[in-house]
Amino acid sequence: MGRGGVGSTRSEFLAEESIDDIRYHRNGGCFVTTKRAISFVLIAVLSLLLVVILMYYYGPNRKLEELRDDMKDIEELINKTINEETEENIRLPTTLKPVHYRIRIFPILDEFSPDNFTYTADVKIVVRCLSKTNKIILNVDDLDITEHNVTVSTLKTTILRYENLAKEEESDNDQPEIYQKNSTLHNNTIIVVDNNEDNSTDEILIGAESTQLVIQEVYKEEENFKLIIVMRNLLEVDHNYTINIKLTSNITNNLAGFYRTSYKDLNGQSRWIATTNFQPIGARRVFPCFDEPNFKSQFEITIARRTNMTVLSNMPLRETEPITNAPGWVWDHFETSLPMSTYLVAFTICDFHNLRSTSTAAGPVINIWAPQRDLPRARYALEAAQSILVFLEDYLGIKYPLSKIDLLAVPNFPRGAMGSWGILSFRKSAILLEEYSRNWEIKQHIFIKLAHELAHQWFGNLVTMKWWNDLWLNEGIGSFMAEVVQSSLKPRWQTSNDFPLRVMYKSFNLDSLKSTHPIQTDFTKTVQIEQIYDTIIQSKATSLIRMLNYTLTRPVFRQGLQYYLKSFYRSFKSTDQNTLWKSLTDIAKNHSVLPADVTVKTFMESWTKQKGYPYLTVDRNYENGEAIITQQIFIQDNINNNTLWYIPLSYTTTNDVIKYAWLKNQRNITLANITENGNSSWVLFNVDQAGYFRVNYDIYNWKLLIQQLFHNPGEIPVASRGQLIDDAFELAQMDIINYSIPLSLTKYLTRKESNYSPWLTALNSLAEIRFIINNYEYTGAFEKYMTNLIKYKFDSLGTKEKNNESQNDKILRWKLIQVACELRFESCLKWAQSEFSTWMEQADPDNKNPIPYEYRSTVECIGIKIGSLKEWDFLWNRTLSPQISTADLKTAYLSLGCTHDPWLINRYLELSLSGNITLEYIPYVWESINHLVGIRTGFHFLRLNWERVYKTYEDVYLVLNSICQDFLAYLSTEIDLQDLTQFYKLHQKDLKSVASLMQAAVDAIKIRISWRERHLNSVAEWLNVNEN
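Yeah, the sequence shown ends on 2486 if you go by my numbering, and it's all consecutive.
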């Protein structure tokens, strides 16, 4: 047999093959020693252990655990930051009451002076002692005040007093009484607070002697922003005292307090002005004062200026006086003001020119002030202000109490506008309009800003809140009155239909986050007051006042407001929300507009003192016509709690009859006879979205509503059509309904919807989903669906305005063009590129921009996004031109960030840090880069350059706010959250002042992250089924 056969022996085998052959010719096997085999086994076991360890620490499950830890980590850090600070002693005692301020300020705006951008002040405050005390406590912030510059005095006056008896015969024994009392003299006039309210006595001053009181010490509580003057002796009740303080301080450059800013004149030269921004607590940065809204007082203001400048203040100019030993300088003395809070004090030193109202009707003189080259752009605002003022006087039943109104177009202002008494300051973009412009967007923006600030002359100035926790009332009524004015004077704009879109939905989004807060909040820290002007305070407040107006009915609400104002007219007292609730209830009970067991106070406090808002579930019984209405809080993570509201219900069906009911602080209610027995017609709740809540329906009612929209959407009110879309998308996001409902709702838009409000609502909701999906593989499918959705309407409206076109079509075209270009719709991109190129080819592009204004934001953004450095430099150079309008400047800054070139984004951010962009416009820089590439690049820049960013904007809350709200809140992935956590850990101390905004940003990021886990697959499935 062959070798190795069955019959072979071991010796034969070994004889045929040498040991070397066995060792090195290994055909068909592997031979190792025992030791080596054991080593291999040990290595394998150790490798397996290492894999297990690595999987534990770095595997997908561990990554998920780390992400959850990071989420929890950053939330705990932020909450710790917010809660760890001890409560500040922020309130002033009520032992003293200011009666009269006399403020003299000498500001220097002279670049050649060593004292440039400084001012000296002489402040005299007359106070009335209400209870015995030896301490005078004032608010100050960053003012250098020394003891030798502080005096306190009283004036012993000799008074001749006699009775003025209201009877026919006077007694022969009546004799005048001579006595001494404390008072205070200013410019040979006496200021006496008369305790005798029945006016039964007359007093004649026959002598006065000033007495300076002994001060024991003067010190500051820096952490509480207080100056404390300790007197040797107690101040006496019902006596007047004068506090006199001299100081020198800086005119700042941070848009707060008394600050400086500049503009370029027609020759391109910088011109400096100085102006004020005291709301909410900026007055204490400029002069010591009782800086709380309830301490209303008269103000007598005197400001020094060069003869080539102008000074404007709350009151009309009384006289101008040359300053001895200061050639070219004068004092401007203004009339004594009506009683007002410190935050309403305002003055500006400028070289502006003015336009004056030409109305011959009796009333205040209205002037609008602006740099000379901007005056032609001020005519629209001037004319609008006149008509708005007349309307408000008629609607409120009280005449405007001052003799003048000055409107200022301030080159660099921190907020849109500020309505101080008699002088209203605006960002230039909020008050200036190109002459002969027909642009609806800017006109509406200017009109509503004017109406809001003019409404504050009554609500806020005439009647003022006692404390900042009722600021929502000022802002809510001011904004609501602006809506009333707009719908009454500009009915063609049809703004009542899109109120939810413009106002309510902004508030809904933030008010559903875990970080939301009640609109009436007790403040324990000064920083909370400085951050008070947020979207919830402004938009939610307006929505609640609107709901109250609908509930009481418009005539009753108007009558209640008039009754409320007249109760305080002439007294100029401070008040709170309870006073308004009582006034409205007193009127409402005579008209039977509220249930007998419901008052305005109980109704409204369920909304003002609780955070968040409810959603209703309407569960119908189609056999007997009943429906069970259940309320539950609508909040992030769908957290259940016991919060309940008083909810006014309105509902309708196909018969167009609107019915009303109440859900009175109870979980649910059963409504009978919603429809006839067996009737399968749809039911719609919260008609016109009058109430501040969302509505969910049983699945069959959703289907009935969708069928109606496809058949004839006009049967459902316009505002309610938008409401159905917005409610459905947000309910789906919270996992309350399936995404098939809102996505199916949108399909009717293509052929059946012609009104812009439902369109804009749907496109905004879809844009948020698109923003999240952009990180994943379904982007193409989603964008294809959106393109198919808008294509028919986009093609029919085109890109050019038609003759006699409605406002509705203009707005709808504007939005469709914006979305089509974002979706890279070919015809839209070509049109935008052509428009941008045409502008670039102009011989004088600074004065000739052929792009219609309403499309400039889209055209410029597309030009930058798909263009090169050439396009970017072209647009940047336009921002440097003195001729550019403020509206175009804003558009340019919002467009420059549209580039997807990381190095250009870095360049843009670097330019913003280097002083090339004024502070007012810096937020637009950060807002402009909240797209996918901009977020990644910008966050990297922020982390690398945080020290510079913080040093530059530490005292500019406007910018830090924008970085958090308009930029960081748009991070959307797990990696983003991890990076943000590390960023916050490193800079926790710096971010203390914006901790609440960071909290809201984290909540928004978490929603986007969880959206992928909960909804991405279901949306993808729906897109696949509805591909065509």
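We treat Cβ as the ideally placed atom computed from N, Cα and C, and that holds for glycine.
Can you list, in chain order, the residues of its chain with a C-beta nearer than 7 Å to that of Leu2201? Leave out the 5 residues immediately preceding and following it.
Trp2480
Straight-line CA distance for Thr2376 to Asn1870?
7 Å
task = Could you tell me whether the segment 2117-2129 touches the segment 2148-2160, using the rule of 3 or more Cβ pairs below 8 Å?
result = no
Evaluate the contact criterion for the segment 1790-1799 versus the segment 1832-1847: three or more CB pairs, one atom per stretch, below 8 Å. no
Point to revise | Ile2309 to Asn1812 span [Cα, whole Å] | key: 30 Å
**Item:** Which listed residue (Lys1582, Asn1708, Ser1845 and Glu1851) has its alpha carbon closest to that of Glu1758
**Value:** Lys1582
>> So if DSSP puts Gln1756 in a beta bridge, which residue, or which two residues, is it bridged to?
In response: His1558
Going by DSSP, what residue range makes up the alpha helix (DSSP H) through Lys2161? Ile2157 to His2169
Roughly how many whole angstroms lie between the Cα atoms of Pro1746 and Thr1760? 16 Å
Query raised in the report: Just reading off the beta strand (DSSP E) that Asp1852 is part of, what are its end residues?
Result: Asp1852 -> not in any beta strand (DSSP E); alpha helix (DSSP H) instead, spanning Arg1837 to Leu1854.
Distance, Phe2015 Cα to Leu2006 Cα: 8 Å
TODO: Let me know the secondary structure DSSP gives Val2076 once reduced to three states.
DONE: strand
Using the three-state DSSP reduction, which class does Pro1780 fall into: helix, strand or coil?
strand
Segments assigned beta strand (DSSP E), at least 3 residues, entirely inside the segment 1777-1822:
1787-1792, 1805-1808 and 1811-1814
*asked:* In this structure, how does DSSP classify Val2460 when only helix, strand and coil are distinguished?
replied: helix
Exercise for the section: On a CA-only basis, which of Asn2079, Leu2042, His2049 and Asp2077 is nearest Leu2061? Give me that one, please. Expected result: Looking at the sequence itself, residue 2061 is Phe, so the reference to Leu does not match. Among Asn2079, Leu2042, His2049 and Asp2077, the Cα nearest to that of Phe2061 belongs to Leu2042.
Is Ala2130 helix, strand or coil by DSSP?
-> coil
Original post:
Leaving out the 5 sequence neighbours to the left and right, which residues in its chain are closer than 8 Å to Phe1938 when beta-carbon positions are compared?
Top reply: Thr2000, Ile2003, Arg2004 and Asn2007
Extract the residue ranges of the beta strand (DSSP E) inside the segment 1551-1614, only unbroken runs of 3 or more that lie entirely within it.
1554-1566, 1576-1587 and 1591-1597
Legend entry - Coil, strand or helix - Cys2286 by DSSP: helix
Quiz item: Out of curiosity, what's the CA-to-CA distance linking Thr2357 and Phe2229?
Solution: 17 Å
Original post:
Which two residues bound the contiguous alpha helix (DSSP H) that contains Gly2180?
Top reply: Val2176 to Gln2191
Check: Taking Cβ to Cβ, would you say Ile2127 is nearer than 8 Å to Pro1738?
Finding: no
Return the residue from the list Ser1861, Ala2239, Glu2318 and Ser2315 that minimises the CA-CA distance to Val2477.
-> Ala2239
Three-way DSSP call (helix, strand, coil) for Ser2476 in this model:
helix
Item checked: Residues near Glu2485 by beta carbon distance below 6 Å, same chain, minus five either side -> none
- prompt: With respect to the beta strand (DSSP E) encompassing Leu1685, which residues constitute its N-terminal and C-terminal limits?
  reply: Lys1684 to Leu1693
In the structure shown, what three-state DSSP assignment does Arg2401 receive? helix
TODO: Quick one: using the 10 Å Cβ neighbour count with 16 as the cut-off for buried, is Pro1829 buried or exposed?
DONE: buried
Let me know the beta strand (DSSP E) ranges lying completely inside the segment 1666-1746, each 3 residues or longer, listed in chain order. 1673-1679, 1684-1693, 1698-1708, 1715-1722 and 1728-1735
(request) Note the first and the last residue of the continuous alpha helix (DSSP H) segment covering Asp2437. (result) Glu2432 to Leu2444
Just the Cα atoms here: how many angstroms apart are Asn1682 and Leu2142? 52 Å
Worksheet entry | Residue span of the beta strand (DSSP E) that contains Met2062, given as start and end | Taken as a continuous stretch (DSSP letters only), Met2062 belongs to no beta strand (DSSP E), being part of the alpha helix (DSSP H) at Val2058 to Thr2066.
Just confirm the distance between the C-beta atoms of Trp1951 and Gln1915, as a whole number of angstroms; I'd bet it's less than 8 Å. That pair is no contact at about 23 Å.
At the 8 Å Cβ level, is Thr1578 part of the contact set with chain D, yes or no? Annotation note: the requested chain D is absent from the structure, which comprises a single protein chain.
Note to self: If I follow the unbroken beta strand (DSSP E) through Lys2117, where does it start and stop?
What the structure shows: Lys2117 to Lys2122
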